[in-house]
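Since the structure comes first, as structure tokens, the remarks are kept for the end.
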Amino acid sequence: MVREGDSRAAEFLLDEKRESPEPSDVDLAFFRKYQEMPIDTKKRLRQILEAWEKPE
Numbered sequence: 276m277v278r279e280g281d282s283r284a285a286e287f288l289l290d291e292k293r294e295s296p297e298p299s300d301v302d303l304a305f306f307r308k309y310q311e312m313p314i315d316t317k318k319r320l321r322q323i324l325e326a327w328e329k330p331e
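To get this note's numbering, take the position in the sequence shown, counting from 1, and add 275.
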């Protein structure tokens, strides 16, 4: 089964000319992991990101 967004990551793996993933490939992998995380973990990550955005 191929999930949405997986085809682009699969293209990277099959492309012999590319030596490393594009930033968008890394983002897609992160978001796939994020979507599968428990609600509490997602909440904690959002809190971390919000803390980063606050001016010092």
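All C-beta atoms, glycine included, are put in the ideal place defined by N, C-alpha and C.
Query                                                                          : Result
Roughly how many whole angstroms lie between the Cα atoms of E328 and L320?    : 13 Å
Measure the Cβ-Cβ separation of K317 and Y309 and say whether it is below 9 Å. : yes
DSSP on P330, reduced to helix/strand/coil?                                    : coil
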